[in-house]
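Each step along the sequence shown adds one to the number in the UniProt record's numbering, with nothing skipped, and position 69 is 69.
Cβ atoms here follow ideal geometry from the backbone N, Cα and C, with glycine treated the same way.
Have a look at the structure below, then the notes.
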Amino acid sequence: MSYFSKTDHTTHCPWKGDASYYSINLDKTELKNAAWYYPTPKDKASNIKDYVAFYKEFSPEEVTQDDFTTYVESAAEALSPLDYEIRSTEDQITKARVWGIVNSISDPLTQMATTRTTEEMLYLKRLLDGMFETFNTKRREVMAITSMQAMEKKVLRGENRASDGDAVTAVDKGLTPGEAEKLLQSLIDEKWLERSTQGFYRLSTRALMELQNWLTETYNDDTDDPNEWQRIKFCEACKHIVTVGQRCTEPTCNVRLHNICEVAFWNSRPNKKCPKCDTDWDGKHYVGQKAVTTTEDYLRGKRKSGVSKRSRGDDDVEAGGSRRKSRREAQEVNDGADAEVEGDAEEDGEEEADDQDD
């Protein structure tokens, strides 16, 4: 069978450096069938050469975007009968394009369960609940969890009772702090999680791409009202999930923007007002860890401990998650985040009570 493939020189051609090349390989039977009716060897050779050389190299510069799109579409068509699809998204911070092959009928958490223990999967579910429920409120959308919060007893061991799984009911024995740290590190190594230098864990680009449908089905309410507040929201510009970016100043509005998308988005509009509620967009209401790290309480604690202002950012991700904060710094981050979320929960509870009274 003929096929088009990309080959890494470092593996197959060490003397050619670290570049990649594309090759077309033709089945010998196809070559024979392509030339059998030519009367002379010269004609046969000419036809085979014109048809495509048995082996040809292409540099990356020779492959156009249209070529690449065609190859991806062909690959996607071939994968479809196997219940796989090719998805693509951009990193929320670097804007790097990421491609992935995703199982279209089984969510990644179900697949991950084949390599994780029951306790690890239940811990992971509680970790996600922390990111997208506890620390994701109308007032403050952190959508991340600190190292100390990930080690809290309620996350490590849950309610210490039977937990319903997809197929069986298992007793949730929980994890020890050491087991949880080992699991978190493995999830970072496998590109499911990222850990910032400020000690916040958040879902990686890969995880957001593969878990998009599951996150929406799990954490968003099934409603016919397009204006009802939802926990999982999408960028008004690129339409991908936002866990790092900016939000509308109106707490109940669902409009969100990635930082990497906002300039082009506002340049295409006549004014800098929310496209849904027409509220002025100030660019100072954040989604992600900056929803905590830019608050006065958090900054006051950092000034006392002498930590650099660089800790205010969202874009510092530890290489492989190997760098560790001191226990004191981690506790300060945790205390600040918990204080903010407790206040948010009280305000959200009051709002819900008011809505019920109305």
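Taking C-beta atoms as the reference points, CYS235 and CYS274 fail to come closer than 7 Å.
DSSP, reduced to helix, strand and coil, places ARG126 within a helical segment of the structure shown. As DSSP reads the structure, CYS235 sits in a beta bridge with ARG256. Non-local beta-carbon contacts of GLN111 in its own chain, meaning distances under 7 Å to residues more than five positions away in sequence, involve ASN103 in chain order. LYS138 and ALA78 have their alpha carbons spaced roughly 43 Å apart. If you draw a straight line from the Cα of MET209 to the Cα of THR223, it comes to about 23 Å. Residue nearest to THR205 within the set ARG116, PRO81 and LYS95 is LYS95 (criterion: CA-CA distance). Cβ-Cβ distances below 6 Å link LEU183 to GLU120 in the same chain, with the five nearest sequence neighbours on each side left out; the list follows chain order. For GLN212, the CB contacts under 7 Å within the same chain, skipping 5 residues up- and downstream, are ILE241 in chain order. Looking at the backbone, the Cα of TRP281 and that of THR216 are separated by about 26 Å. Residue environment: LEU127 is assigned as buried (16 or more neighbouring CB atoms within 10 Å of its CB, all protein chains considered). Non-local beta-carbon contacts of VAL98 in its own chain, meaning distances under 6 Å to residues more than five positions away in sequence, involve THR89 and THR205 in chain order. Going by beta carbons, CYS261 and ALA291 fall outside the 7 Å limit. If you check the CB distance, ALA180 and TRP192 do not come in under 7 Å.
Per DSSP, the continuous beta strand (DSSP E) segment holding GLN246 begins and ends at 245-247. Within a 10 Å sphere around the beta-carbon of GLY178 sit fewer than 16 other beta-carbons, which makes this residue exposed.
Taking every protein chain shown into account, the CB of PHE68 has fewer than 16 other CB atoms within 10 angstroms, so this residue is exposed. Residue pairing by DSSP puts TRP99 in a beta bridge opposite SER88. For ARG202, the enclosing beta strand (DSSP E) has its first and last residue at 200-203. Between the C-alpha atoms of LYS125 and ILE232 there is a straight-line separation of about 16 Å. A direct Cα-to-Cα measurement between LYS239 and ILE93 gives close to 15 Å.
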